[in-house]
Each structure stands twice: as C-alpha cells, then as structure tokens.
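Q: This is the structure I have questions about; it appears just below.
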Amino acid sequence: VFSESVSDHVIRQVCLSSGDTPQAISTCLHPALIPVEVSLAYRFFTLMLPLLCFCHRYDLLSLYFLLQSCPATQPSMLNVHLVPHTHDDVGWLKTVDQYYYGDRNDIQHAGVQYILDSVLEQLLADPTRRFIYVETAFFFRWWRQQDSATRKAVTMLVNEGRLEFVNGGWCMSDEATTHYSAVIDQMTLGLRFLNDTFGACGRPRVAWHIDPFGHAREHASMFAQMGYDGFFFGRLDYQDKARRIRDKDMEMVWRASESLTPPTADLFTGVLPNGYNPPAGFCWDQSCNDPPIRDDPNLEDYNVDNVAKMYRTNHIIMTMGSDFQYENANLWYKNMDKLIRYVNAKQSQGSKVNVLYSTPSCYLQGLHQANLTWSVKMDDFFPYADGPHDFWTGYFTSRPALKRYERLSNSLLQVCNQLEVLGGPNSRKGPYGEGDSDTLQEAMSVAQHHDAVSGTEKQHVANDYAKRLARGWAHCEVLGSRPSTTPAGRLKELDLSFQRLNISVICLSIIWPVRLPVNGSDYMVLQPHGQVLDSQVSLIMAASSIMVSHCYAIKRSVRIFVSSLLKGTQEVGFQPGYNASDGNSADSNQPSGAYIFRPNSSTPIIVSQTAKTYTLKNSVVQEVQQEFSPWVSQVVRLYWGSRELELEWTVGPIPVEDSLGKEVITRLDTNINSSGYFYTDSNGREMLERRKDFRPTWDLKQSEPVAGNYYPINSRIYIKDKVNQLTAVTDRSQGASSLQDGSLEIMLHRRLLYDDVRGVGEPLSEPGDDNKGLVVRGRLLLALTPPKDAADIHRPLAEALVLEPLLAFQTGELHPNTILEFSGLQASLPPAVHLLTLSQWDQESVLLRLEHQFQVTESPTNSQPVTVNLKKLFSTLEVVGVSEMNLSANQWKDEMNRFDWKTSGGIVTFSTGNTNEKGIFGMCQSCLHKCEVF
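Sequence positions in the sequence shown follow my numbering and run 924 to 1857.
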C-alpha cells in the first residue's frame, strides 16, 4: 500500500515537441513519493524507481486520435479489411544483416531497407492507404539512417494511423522454446523505442504472431498484461481449424491464466483466414505470379463468401502481403486501389461488400463494436500440425547447444543489468575498455525470434546468432571486472573472467554445487570469513574412457530444501531414442527435420542393453557414471544435503553412417499411477495439464502416437498420483511427453539427414568443425515429493537453474581490503517472490520487476499473497519514489485501458482503479487511483 498523501505530490504538465505541437502530457513524480510496502499475489509487479523526478508521456489524447483515424465502415455491409503487411524474419535463411541490406539474394531475395523505403513513398502518395510493421529490430536500424525530413514524414503517418506498429517487440518471438523473462525483455526493448520515438500513436494495440508454430498460453497472458487489446495469429492445427471454421469459432477470448482474476490475463484472440498470406489470386508482389487487375469496370465481385462464413460479424480481415514483400510497394498498392474502387462501385448495383484499407487495430475495433458474446479458450495451441503426419514438435529440441547458450546468456544479462545498477554510472568503464549490457540485450532479443532459439534456421544463421551472443558476453565482461560501491567501501578491481561459466548479485538463498576443472589434486576451499568448506577432487568420465583430468565439487553451507526424497521403486534409465523417418513410408512422405518430428517407429531404439559403470562416493557427492556407447553417457549424481537428483547427460557425435537420422531421448520410468496425465510449463511460468491423445477443444484423431503427444517444456515437466510426484527440471527448452503411465520422456538431441520441406532447405545435421556432429551436454534435476509439497521444491529449483549462479575468477593474490561477501539486498526475498528485473532505465530511474511465482492453490504456504517492503529492499539503493507500469514498461498501469468483451461466462470489464484482484498489476488495492503506477 502507499501513503494516502502521495496524490498531493503529483504534478501534471503539458510537454511540447520540437514542432511546438502538443505530443504528450508529462507526469513527474516528486521525490517525496515514498512507498511503504507492496502486497503480491500471483503476478508480476513492474515498477520505476526514480532517483530524481521521472517524467513520462501521458497520452490518452493521442490514443483518442489514433482510434478516430480508422476508416469508416458500412454497418449494413460485409466490410473486408485489407491489411497491407510484410513479414520480415529477424534471421532465418539469411542472417539479420543479410536480410536488412538485401545481401545474399542467391539464397532468398529480400532487403528490408528497400521495403521500408518503398512503402513510405506509396503511403505519402495517397492518404487512404495503410500499412503495418512488426519487427522493431529492423525498423530501429532503418530509422537511424533517415534524415530529419524522412523522420518527420514517418511521424506524420504514425500520428494519422496510416502507418501502424503491431506487436512492437524487437522480434516476433517463438512461443514454444522461449522463457518468459527473455520474452518480456525483448518486448520491452522494442516497445520502449516506439514509445520514446512516437509516443502513444506508436504504441501497438494488437499482438501479431502470424508465423510462430503453435501458441503458448503464457504469451497471451503477458500480452494482456502489456496492455494489448487483441491478438491475431496465422498457424493453427489443421483439425482445430476445421472445427473452428465449422462452428464459426475463429475468434474467441483467451483466458490465459488460472491464477489471475479475469480479465487481467484475458485477451481477445483471432485466427487469420489465410495464415498470413493474401487470398489465392491476389498476390501482387514482384515475387508473385498472380495477374494484375485490369482497368475493367465490369470486374467480377471480389468473392469473399467462403471467408465470411468462417466469422460471426460483418467484418473480415485479409492479410495482403507475406515474407519480405513490398520491396516494390507500387505493385501492391496500384492493384489494391483498383480492387477497392471496382468492388465498391458495385454497391450502386446492390452489392453488399465494402472493401477498405485497414489495420488490425481498426478491424478489432469493428469486432468490439459488434458487441457479441464470445467463447472462452482456457488451454493453449500446442502441439501444432499442418497434416496427419506433420507435427511441428521437433523444433522443441532442435539445436540444443544453441538453446543452452541462449539460456546461459539470459542469466548473464540479468547479472549485467544488476551490476550496472549497483555499480553506478562508472560501471561501464573498466580496465579492458568500455562495456555495457545493451549489446547482449539486443543479441538476446534477436535470439527470441521464432527462427532463432527455435533451431529452425540455416546453419550459417545459427552461427551468426551465436556470434551475436558472444559479442554481448564480451561487453558484459567489462562490467564484471569493474568495482562497485557499497556502504562498506569500494570493492577492489578484480581481473574477472566468466566466459563459458555461469551468481546473480540479487537472488534467493539456494544450495548450489560448484564443479570446476583443475590440474592438481590438493585444494582448499574457503568461505568469505576463512572457514574451510568441504571439497573433493575426483576423476571425471569421458564419453569413451576415463580421463586423467580432475574436478572438484564445493558444498555451500546455505539453506537446503526441507522436503525429503521419498523411497520407492522409481528408476532412472536411458533410452537412446528414435530413428527418424526419411519420408519413405506408405502413410506419408514426410521426413523428420528442423521443424517436424516423425520417428519411423513408436518404439525407441536401444543402443545398448548394458553400460560401463563407475561409482564415486565421498563427503560431497555420490555419483554413478554410465557409458552406454562412445556417443551416449550419463552421470547420476546426488550431493550431500541436497534433495534433488542430478542427471547429467552427454550425447554425440550422433552417428549417421547407417543413413538414419536419430532423435535421442531419456526416459524416466516409475510406478506412479499417472493415468495418462502429465504437466508441462508454459514458457517457464504456469503449469498446464496434458493428457495423452487428447485435446480439450476438439475430438483428436491421433495419427502420430509419439510426435502427436510431444509438448514444449522450458523449465519442467511432471507426473503425479495421490502419493508421489516426479518433477524433471531442465536446463534449456526441450520437447517432452509421457507416453506410458508412470513415465517421462525428454528429447535431448537430434541429428537428421533430410529437410522436412518447410522452407529451411537443409537437413538439421549440425556437423560441427570436424564434420562429425556436435557433442552436447546438459542436466536434468529430478525431485520426488508428495504432490502437496512439490511446488515448494520445483519452483525455486527451476528459478535457480534458469538463472544459474555466475562464477567469476581472478588470478593472483587478493588485496587485503577486498570485500569477499556482498549482497544487493538487505535480506533474502520470501520464497514466493522473485526479483525478475533490476536494470538502469535512464540516469534518474531504475526498472524493477518483482513476481509472485507460485500458481494459485499449488502450495498451501507459498501460493498466498506476500508483502515486500520496497524501502527496505536494497542494501545500496535508496528508494525515493515508485510508480507502477504495465508489464512491458511502456505505459502507466492506472492508465492502461483495454477493450471489454462479453464472454460465455459473462461480461468481462478491464479496469485498473479501486481493484483488489489477485492480478499481475492490480496490487495497489484501494488507493491505486491515487498513485501514479506503471
């Protein structure tokens, strides 16, 4: 809650742009705005902590003009909204740079800079024309190269609603293989640029994911909490789409959280009729072969009857564009002008079709004004299939090394952000030059693209993504070598190196074993105050032999989990996996590839019935090392004092000399009576119930019993009965399932010999430098608990694995005055609370995100609301004021107004003031209307 007197310190003033026209109203926070404490239920809490007076744009007036800019529709006619657009992948067949500049057109003809140049010229030629743009990573680069006259023209188009930004993130993120923290960061980066550049008129009102290969419920929840009015996507399972077309249920309200009180996470969602392509016969790009419209007043009516039958209102949307189109925008607009003119001319002869240039926001406004009652969607849109034997579930695991590198980079980024805040303005300058977190932030944002971390790009593009992350690591290392300022004095400069290794500066107290390669055999490990920690040096196993190198493990004397590992008949096993289909079968010619998972049998192939086994037991750890073959091995490890079992797997190089691609799995078999049910996370946050051979919203005709039951996991999967729950926590995004009662199956690695004919044009082979294939290593953490205690274990365990402690090293002797122990917090946060974001927003303010990370009802203790005293949160920062924002930090929370929708469960109204709901943002309770929050 906040002080009742804070409203006395709010000052509103009109801010003028350089053109002396009102662009925004700024609200400044007085330094006396001091928060006392905040109460969190299951939600995010996004705050700006001003060091001085923080100003932002207050833009309801601009928003009003934006909505008024929509073209007029005809209430008594079928309104066909033509939405000119281009879909510009931030890397896929070509690298980001190649796509922007139009390089390597021998791979794909595409040049984003020319698209934006051409579209601008055509929009300025006719005030009725519209265009939408999505990928801020490309637009940001183009904008920086424009002169003042061009920028002024673009700003005019944005203010008039003729150029509309949709989605607005740095990229269009993947929804299966991304973690929610990285998605929030990339959306914040893109939306901040649009907000700073164009104000409210540049703020997207619609989320637009036309190409991702399935859709996550947590994405919809985040979009709702970012203030979006609606969400449109293109790809939908072919059986689901047939059912929705039949029932006219292509548009719905997606209730995207079980924990947030409606409508906090409710989002109007629509399926586009043609994916994201134009209707057949109406593609007029230079890459298309459809004939142009001739100047003939007797042109037959634009046939939209079939599409109109799919939808419930007198509004339908037509996407006019596709991949990297509009490089010659004149071709498109000249033909669309004729289409609109000739079809609308038929109205004088009784036609009831009205065609108009439009945008997704204007189309959504028409649906809202129809005031209908909409169905409610509760689950998600995974897995996605575009045919009976074509399940897009392979990419959940594709390129596991890149997926792990992306996860480690996200952990490092959070540390760098925190170091910039704690180190102050000088943190970017160190003995190795200047550093920053921005480079890694941009690289991480690009990596969230739906053809990046997904693993569905060409090999040379995957290499480029990795190089971008490596450059970001280098910039962050400068921050790691820079001293910080603490109340106890200045930290000494350390020659730190944390490349390839991954302690958050601000974190929960956890137990975390540390293993390091060493050359000797006699070491002592000391705590900050000189106490000796128990450590051991032991041999490690290579894939095919025992190596003479060593490692040691350190047991930290910190809080351990309180639940115990149950005894039972559970077994940990290794099933090497499936031979991949080559497409040469009677049922289908579909092979496994970067996107598609299609094994040639439902029974896994066992590489070896036996394993070479080595055991180790000392005062730190017990482990069993198992070598199944020269390319498959694992270590089962249990540290003293720990209640989770570690399974470290090493796979590769996967042999393909038998001309068979392979998809390697690990399977955990237990006596748990799971009854066909299992549970997977949604982007690492809420858990969703799954059921074998079942979909909640249609009668599934299962044609692929393995691939059709695979789901993405970003952090965990579990099975349970009334007595036991087995949870597997992962170190990267993977595909997983439960194909038998009591069993968990997780795909670890893939090497394939055929392209799956979905556009990438090459097999997923990952040959590596030696052309033999990649060796990939990873970990699973396994917890066996009573179901009622399970979340208290797996929630903090998943957080610790996603944001692993960062290890930093120094050569030589330490200075006698070096501070060896530091925390950015005055005390550990409660177990239910996670500090998701602490980053420097500008010179005067810090962006802070806290989240309550326990789902409703999953823990008797930790699912309850928690109170955090912000004034006593940090050890080195003084909180002088706080304002709450929406999740993406681009609007004030109490000014975030979204459309209300009537649903089959009753009308849902979005409000922000005087609320006591347990939502991600509705946390200031009764005095929210008196606070400036965002």
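Beta carbons: idealized from backbone N, C-alpha and C, even for Gly.
Smallest Cα separation from residue 1099: which of 1137, 1049 and 1275?
A: Along the sequence shown, read from residue 1 onward, the residue named residue 1099 stands at position 176. Per the Cα distances, 1137.
Q: Below 8 Å, can you find three or more Cβ-Cβ pairs linking the segment 1371-1378 to the segment 1090-1110?
A: At 8 Å Cβ cutoff, the stretches touch.
Q: Determine the extent of the alpha helix (DSSP H) in which residue 1140 is found, giving its start and end residues.
A: Position 217 of the sequence shown, counted from the first residue, corresponds to residue 1140. Looking at the DSSP string, the run of the alpha helix (DSSP H) that includes residue 1140 is 1140-1148.
Q: Using 8 Å for Cβ pairs, my map puts residue 1671 next to residue 1320. What's the rounded Cβ distance?
A: Position 748 of the sequence shown, counting from 1, holds the residue named residue 1671. Position 397 of the sequence shown, counting from 1, holds the residue named residue 1320. Going by Cβ atoms, the distance from residue 1671 to residue 1320 rounds to 7 Å, so yes, they are a contact pair.
Q: Taking the straight line between their C-alpha atoms, what separation do you get for residue 1248 and residue 1652?
A: Here residue 1248 corresponds to residue number 325 of the sequence shown, with the count starting at 1. Here residue 1652 corresponds to residue number 729 of the sequence shown, with the count starting at 1. Between residue 1248 and residue 1652, the C-alpha separation is close to 42 Å.
Q: Under 8 Å, do residue 1550 and residue 1540 count as touching if we go by C-beta distance?
A: Your numbering for residue 1550 matches position 627 in the sequence shown. Your numbering for residue 1540 matches position 617 in the sequence shown. It is not a contact, given that the beta carbons lie outside the stated cut-off.
Q: From this set, 1751, 1042 and 1781, which residue's C-alpha is nearest residue 1710's C-alpha?
A: Within the sequence shown, the letter at position 787 stands for residue 1710. It is 1781.
Q: Pick helix, strand or coil for residue 1384, following the three-state DSSP scheme.
A: One-based indexing of the sequence shown puts residue 1384 at position 461. Residue 1384 falls in the helix class under three-state DSSP.
Q: Which of helix, strand or coil does DSSP assign to residue 1037?
A: Numbered from its first residue, the sequence shown carries residue 1037 at position 114. Three-state DSSP puts residue 1037 in a helix.
Q: Looking at the structure shown, is residue 1486 part of a helix, part of a strand, or coil, going by DSSP?
A: Taking the first residue of the sequence shown as position 1, residue 1486 is located at position 563. In this predicted model, residue 1486 has a pLDDT of only 23, less than 50, meaning its place in the structure is not dependable enough to derive any value.
Q: Residue 1803 by DSSP, collapsed to three states: which one?
A: For the purposes of this step, residue 1803 is taken as residue 880 along the sequence shown, with counting starting at 1. Of the three classes helix, strand and coil, the one that applies to residue 1803 here is coil, per DSSP.
Q: Return yes when the Cβ of residue 1237 is within less than 8 Å of the Cβ of residue 1000, no when it is not.
A: Residue numbering aside, residue 1000 sits at position 77 when the sequence shown is read from its first letter. Residue numbering aside, residue 1237 sits at position 314 when the sequence shown is read from its first letter. Yes, Cβ-Cβ distance for residue 1000 and residue 1237 is below 8 Å.
Q: Since residue 1515 and residue 1697 are thought to touch, with beta carbons under 8 Å apart, how far apart are those beta carbons, to the nearest angstrom?
A: The residue labelled residue 1515 in the question sits at position 592 within the sequence shown. The residue labelled residue 1697 in the question sits at position 774 within the sequence shown. 17 Å between Cβ atoms; not a contact.
Q: Could you give the first and the last residue of the continuous beta strand (DSSP E) run that contains residue 1260?
A: Translated into positions along the sequence shown, residue 1260 becomes position 337. It is not in any beta strand (DSSP E) - residue 1260 instead sits in the alpha helix (DSSP H) that spans 1252-1268.
Q: Report all residues from its chain with a CB closer than 8 Å to the CB of residue 1295; omit the five preceding and five following residues, and keep chain order.
A: Mapped onto the sequence shown, residue 1295 falls at position 372. Around residue 1295: 1235, 1236 and 1825.
Q: Taking only runs of the alpha helix (DSSP H) that begin and end inside the segment 1282-1361, which ones reach a length of at least 4 residues, in chain order?
A: For the segment 1282-1361, whole alpha helix (DSSP H) runs of length 4 or above, ordered along the chain, are 1283-1293 and 1323-1346.
Q: Classify residue 1407: buried if its beta carbon has 16 or more other beta carbons within 10 angstroms, exposed otherwise.
A: Within the sequence shown, residue 1407 is the residue found at index 484, counting from 1. Its pLDDT being 46, under 50, residue 1407 is placed unreliably by the model, and the measurement read from it follows with that caveat. Buried: at least 16 other Cβ atoms inside 10 Å.
Q: Residue 1505 bridges to which residues according to DSSP?
A: Working through the sequence shown from its first residue, we reach residue 1505 at position 582. Note: residue 1505 sits in a beta bridge opposite 1514.
Q: In chain order, what residues of the same chain have a beta carbon less than 8 Å from the beta carbon of residue 1014, not counting five sequence neighbours either side?
A: One-based indexing of the sequence shown puts residue 1014 at position 91. 1022, 1369, 1372, 1374, 1375, 1380, 1384, 1387 and 1388.
Q: Mind checking residue 1504: buried by the 16 CB within 10 Å criterion, or exposed?
A: As a first step, residue 1504 is located in the sequence shown; it is residue number 581 there, counting from the start. Residue 1504 comes out buried.
Q: Does the Cβ of residue 1398 have 16 or more other Cβ atoms within 10 Å, making it buried, or fewer, making it exposed?
A: For the purposes of this step, residue 1398 is identified with residue 475 of the sequence shown, where counting begins at 1. Result: buried.
Q: Mapping the DSSP letters down to three states, classify residue 1065 as helix, strand or coil.
A: To locate residue 1065, count along the sequence shown from 1; it is residue 142. If DSSP states are grouped into helix, strand and coil, residue 1065 belongs with the helices.
Q: What does the alpha-carbon distance come out to for the pair residue 1202 and residue 1644?
A: Here residue 1202 refers to the residue found at position 279 when the sequence shown is read from its first residue. Here residue 1644 refers to the residue found at position 721 when the sequence shown is read from its first residue. Looking at the two C-alpha atoms, the distance is approximately 49 Å.
Q: Residue 1249 lies in the beta strand (DSSP E); which residues open and close that run?
A: Taking the first residue of the sequence shown as position 1, residue 1249 is located at position 326. Unbroken run through residue 1249: none, as it is neither H nor E.
Q: Suppose the cutoff is 8 Å on Cβ atoms and the five residues either side in sequence are ignored; what does the same chain contact list for residue 1629 look like?
A: Counted from its first residue, the sequence shown places residue 1629 at position 706. These residues qualify, in order along the chain: 1501, 1520, 1522, 1525, 1660 and 1662.
Q: What residue range does the beta strand (DSSP E) around residue 1659 cover?
A: On the sequence shown, position 736 is the one that residue 1659 refers to. Per DSSP, residue 1659 belongs to the beta strand (DSSP E) from 1657-1660.
Q: Take residue 1605 and list the residues in its own chain whose beta-carbon comes closer than 7 Å to its own, dropping the five residues that flank it on each side.
A: Sequence index remark: in the sequence shown, residue 1605 carries index 682 (1-based). If we look at residue 1605 and ignore the five residues flanking it on each side, its Cβ neighbours are 1139, 1140, 1141, 1303 and 1611.
Q: Compute the Euclidean distance between the alpha carbons of residue 1721 and residue 1641, then round it to the nearest angstrom.
A: Position 798 of the sequence shown holds residue 1721. Position 718 of the sequence shown holds residue 1641. Spanning the two alpha carbons is a distance of roughly 13 Å.
Q: Can you confirm whether the segment 1683-1703 touches the segment 1566-1579 when touching is taken to mean that 3 or more C-beta pairs between the two stretches lie within less than 8 Å?
A: Touching, per the Cβ criterion.
Q: Taking the straight line between their C-alpha atoms, what separation do you get for residue 1544 and residue 1702?
A: Counting from 1 along the sequence shown, the entry for residue 1544 is found at position 621. Counting from 1 along the sequence shown, the entry for residue 1702 is found at position 779. Between residue 1544 and residue 1702, the C-alpha separation is close to 16 Å.
Q: Whose C-beta lies closer than 7 Å to the C-beta of residue 1809 among residues of the same chain, with five residues either side of it excluded?
A: Taking the sequence shown and counting its residues from 1, the one referred to as residue 1809 is at position 886. Excluding positions up to five away in sequence, the list reads 969, 1148, 1149, 1150, 1816, 1819, 1844 and 1857.
Q: What separation, rounded to the nearest whole angstrom, lies between the Cα atoms of residue 1636 and residue 1343?
A: Locating residue 1636 in the sequence shown gives position 713, where the first residue counts as 1. Locating residue 1343 in the sequence shown gives position 420, where the first residue counts as 1. When rounded, the distance between both Cα atoms is 32 Å.
Q: By a C-beta neighbour count over all protein chains shown, 10 Å radius and 16 as the cutoff for buried, is residue 1646 buried or exposed?
A: Your numbering for residue 1646 matches position 723 in the sequence shown. Residue 1646 comes out exposed.
Q: Please classify residue 1775 as buried or exposed, where buried requires at least 16 other C-beta atoms within 10 Å of its C-beta.
A: Position 852 of the sequence shown, counting from 1, holds the residue named residue 1775. With 16 or more Cβ atoms within 10 Å of its Cβ, residue 1775 is classed as buried.
Q: Determine the burial state of residue 1185: buried for a count of at least 16 other Cβ atoms within 10 Å of its Cβ, exposed for fewer.
A: Counting from one through the sequence shown, the residue named residue 1185 turns up at place 262. The residue is buried, with at least 16 neighbouring Cβ atoms inside 10 Å.
Q: Starting from residue 1081 and walking both ways along the alpha helix (DSSP H), at which residues does that stretch end?
A: Your numbering for residue 1081 matches position 158 in the sequence shown. Unbroken alpha helix (DSSP H) run through residue 1081: 1071-1082.
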